[in-house]
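Right, one structure below, let's go through it.
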Amino acid sequence: MSKNKSQDTGFLPPLSEGAGGGLKVIEVHNLVKKFGSFVANDHLNFDVYQGEIFGFLGANGAGKTTAMKILCGLSSPTSGEAKVAGFDIYKETEKIKRNIGYMSQKFSLYEDLTVAENIRFFSGVYGISPADRKEKQDKLLKDLGLESAKDSLIGSLPLGWKQKLAFSVAIFHEPKIVFLDEPTGGVDPITRRKFWDLIYEAADRGITVFVTTHYMDEAEYCNRVSIMNAGRIEALDTPKNLKKQYSAKNMDEVFLKIARNTE
Amino acid sequence: MKQFIGFLRKEFLHIFRDPRTMMIIFLLPIVQLLLFGKVINTDIQNSRIAILDQSHDNTTREITSKLVSSGYFVLGEELMPGDDVEDVFRKGKVKMVVTFGPEFEKSLERDGKAEVQLLADASDPNTARILTNYASGIINDYVKKEKLQNLQLPNQINTEVRMLYNEGLKSVYMFVPGLMAMILMLISAMMTSISISKEKELGTMEVLLASPLKPIQIVLGKVTPYLLLSFINALTIILIGVFLFGVPIKGSFVFLMAESFLFIMMALSLGILISTIAPNQMVAMFISLLALMLPTVLLSGFMFPIENMPLPLRILSHAMPPRWFIVIIKNIMLKGTGILFVWKETLILMFMTFVFIALSIKNFKIRLE
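Sequences listed follow chains A and B, in order. Quick note: the first sequence uses numbering that gives the first Met the number 0, first residue 0, plus one each step. Quick note: the second sequence uses numbering that gives the first Met the number 0, first residue 0, plus one each step.
So, in structure tokens, the structure goes:
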């Protein structure tokens with residue numbers, strides 16, 4: 000089992016060329032997800048390019064989390080097509096899972112384990128060898144300035160630290176794409192800004208970041224954003240273009256205008 | 000395999016770092032067993048009785064000494080004719096009053112019958128019933144053996160009573176199997192369901208599901224520690240039962256452990272099923288306690304005989320896994336029977352395990368869709 004995995008981890012099929020010359024790491028065509036008669040995702044169409052920070056915006060209940068869960072292989076769509084890291088979301092979820100990282104809304108480390116134990120556990124899950132783990136762990140803790148917290152229980156750390164650690168653990172195995180589901184809930188804008196420094200670093204290393212949020216200051220930090228409303232993508236462009244298109248001062252205004260138009 | 004060991008290590012860390020879990024797993028079984036075995040003892044020992052002897056002859060004196068020397072009773076008070084019997088009960092000092100009628104010996108020898116009255120305090124009906132049974136047994140026994148041998152009575156039937164498989168009528172013989180069923184249910188079903196729903200509640204389950212781990216690996220990783228701990232508990236309970244309370248194991252020990260293993264598997268799959276329904280730990284605990292523990296205690300025949308229940312409850316008791324497990328271990332421990340006599344119960348437990356697993360898989364798929 001673990002042998003197969005380590006062989007596959009480095010393997011990636013050629014990705015299709017995007018319009019902008021970048022590599023498409025996520026391709027979604029007419030994706031539909033229904034729960035009974037309720038349409039959570041109504042014919043979604045979008046592409047995400049390698050190294051991009053892609054913001055997935057929308058009010059609560061707009062269908063962001065549903066779409067993200069489908070892309071992570073946690074849920075299967077009703078119809079439509081999608082590829083993640085070049086793999087089909089219907090048939091190749093196992094391969095997708097090896098190439099992505101995921102950080103959930105409810106912040107996703109074990110509170111009753113120490114920092115090092117959490118890293119050890121998740122490294123084991125992704126088949127990282129103990130030697131690699133130690134080296135990367137030391138570097139990670141040094142970069143975050145958390146060397147002294149190595150043997151502290153996660154539960155005893157402040158929320159901002161927990162979120163940084165959760166993100167670092169989610170990309171510890173160097174995935175192609177990392178999915179962040181409202182990663183900065185409950186912290187102040189300054190802590191959020193610091194968290195985003197980590198996201199930029201990851202994107203610089205070529206990791207594609209797919210992030211859902213409802214904080215509009217975060218939307219400004221993304222390369223491109225899509226805005227969802229009632230299961231549909233109403234707008235998709237760079238924050239700059241969107242502000243121009245809706246003649247708005249900031250993303251907050253863009254968001255409100257879109258919400259009003261569709262009501 | 001490495002992944003799996005890593006998962007187990009994490010699970011054991013969760014268990015060892017949570018004082019409540021540790022208490023439930025390691026302390027609770029022993030405390031409950033000792034409580035039921037030692038304190039909540041329904042056996043009659045040294046119950047205080049009062050004697051109202053209106054004859055004061057040899058026979059009544061001998062019967063009194065038989066009662067007292069039986070070990071079941073101690074003489075609390077001697078009453079005089081005219082004393083208020085109810086007043087004795089009201090004071091709560093004695094559980095039973097034995098009254099011998101006047102001229103007891105004479106009428107016994109002359110007519111072959113004499114009058115003795117047993118008045119018991121039935122505010123505790125079970126004890127009252129047992130006390131009167133024991134006392135009339137001792138009195139009848141004495142009269143038959145000592146007095147009636149010389150009398151030629153026509154067509155007399157002597158009933159000889161022997162309590163097979165539990166000659167001493169020790170209630171601990173009943174409690175050990177019952178408690179084993181209850182504790183294994185508690186640890187296997189409740190603790191598993193809580194531990195899985197905890198991951199759901201904290202959002203770590205999503206992270207695990209989005210990882211290369213397969214759902215089956217996650218479930219096995221969550222369940223295996225509880226399987227081991229439950230098995231250790233089953234062993235502890237049996238050892239305490241045997242060495243502290245003298246409960247015999249007449250059948251095969253290996254077979255006993257194999258059946259315990261089956262029951263644990265059943266309880267674990269039930270725990271998994273509960274965790275597929277419960278969104279968080281609290282709900283998982285309530286479902287486990289209300290839907291499992293109470294019926295286990297009340298409807299499995301552990302405390303109250305199934306035969307005495309009204310029909311709907313009797314039917315419901317068939318769906319209680321512990322009911323079948325208790326039958327199996329009683330058979331193995333007390334009667335020394337093998338698979339030939341408990342294959343039906345064993346199959347029922349296997350079937351239940353299968354149903355719980357199938358339902359869990361179905362629920363899990365629905366959630367993913």
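Virtual Cβ for every residue (Gly too), placed ideally from N, Cα, C.
So which of the options has the shortest CA-CA distance to residue i?
| i | options | result |
| --- | --- | --- |
| A:E200 | A:G50, A:F37, A:L108 | A:G50 |
| B:E200 | A:F106, A:K23, A:I170, A:G205 | A:F106 |
| B:N57 | B:Y141, B:E344, B:H317 | B:Y141 |
| B:Y133 | B:E114, B:R109, B:V67, B:V175 | B:V67 |
| B:A188 | B:S69, B:K221, B:K213 | B:K221 |
| B:E145 | B:K169, B:K65, B:I50 | B:K65 |
| A:V27 | A:Y89, A:F34, A:F37, A:K149 | A:Y89 |
| A:E134 | A:I198, A:L197, A:F171, A:I99 | A:F171 |
| A:E80 | A:E110, A:N40, A:N98, A:L112 | A:N40 |
| B:T59 | B:T352, B:G100, B:D83 | B:G100 |
| B:G240 | B:L33, B:K1, B:G5 | B:L33 |
| A:Y220 | A:W160, A:F53, A:S36, A:N98 | A:F53 |
| B:I137 | B:N125, B:S194, B:T63 | B:T63 |
| B:K9 | A:H42, A:K82, A:S122 | A:S122 |
I'd like to know whether the C-beta of residue i is nearer than 8 Å to at least one C-beta of chain B.
| i | result |
| --- | --- |
| A:V124 | yes |
| A:E116 | yes |
| A:K106 | In the sequence as displayed, the identity of residue 106 of chain A is Phe instead of Lys. True, the Cβ-Cβ gap to chain B drops below 8 Å. |
| A:A201 | no |
| A:N249 | no |
| A:S78 | no |
| A:F37 | no |
Give a yes or no on whether the minimum CB-CB distance between residue i and chain A is below 8 Å.
| i | result |
| --- | --- |
| B:G300 | no |
| B:T20 | no |
| B:R16 | yes |
| B:T203 | yes |
| B:L12 | yes |
| B:K94 | no |
| B:G36 | no |
| B:K9 | yes |
| B:P278 | no |
| B:S210 | yes |
| B:K361 | no |
| B:V206 | yes |
| B:G5 | yes |
In three-state DSSP terms, what is residue i?
| i | result |
| --- | --- |
| A:A229 | coil |
| A:G54 | strand |
| B:M302 | coil |
| A:I25 | strand |
| B:S69 | coil |
| A:I206 | coil |
| A:T65 | helix |
| A:T211 | strand |
| A:Y266 | Any property of residue 266 of chain A remains undetermined from this structure, which presents chain A solely from 0 to 262. |
| A:F171 | coil |
| B:M95 | strand |
| B:Q116 | strand |
| A:Y48 | strand |
| B:H55 | coil |
| B:I50 | strand |
| A:G154 | helix |
| B:M264 | helix |
| B:I236 | helix |
| A:G123 | helix |
| B:A121 | coil |
Can the beta-carbon of residue i be found less than 8 Å from the beta-carbon of residue j?
| i | j | result |
| --- | --- | --- |
| B:K143 | B:A119 | no |
| B:P321 | B:A233 | no |
| A:H213 | A:E252 | no |
| B:S287 | B:S192 | yes |
| A:P238 | A:D216 | no |
| A:A84 | A:I95 | yes |
| A:I226 | A:I198 | no |
| B:L312 | B:L298 | yes |
| B:I347 | B:F254 | no |
| A:T183 | A:F55 | no |
| B:P211 | A:R192 | no |
Mind checking if residue i is an interface residue toward chain E, Cβ cutoff 8 Å exclusive?
| i | result |
| --- | --- |
| B:K1 | The chain inventory of the structure shown lacks chain E, comprising the protein chains A and B. |
With three or more C-beta pairs closer than 8 Å as the rule, is the segment 104-124 of chain A touching the segment 69-78 of chain A?
no
Answer yes if the segment 97-105 of chain A comes into contact with the segment 204-222 of chain B, meaning at least three C-beta pairs across the two stretches below 8 Å, and no otherwise.
yes
Spell out a yes or no on whether the segment 1-17 of chain B and the segment 45-64 of chain B are touching, meaning 3 or more CB-CB pairs, one atom from each, closer than 8 Å.
no
If you pair each beta-carbon of the segment 47-63 of chain A with each one of the segment 223-235 of chain A, do three or more pairs fall below 8 Å?
yes
Does the pairing of the segment 238-247 of chain B with the segment 170-177 of chain B give three or more beta-carbon distances under 8 Å?
yes
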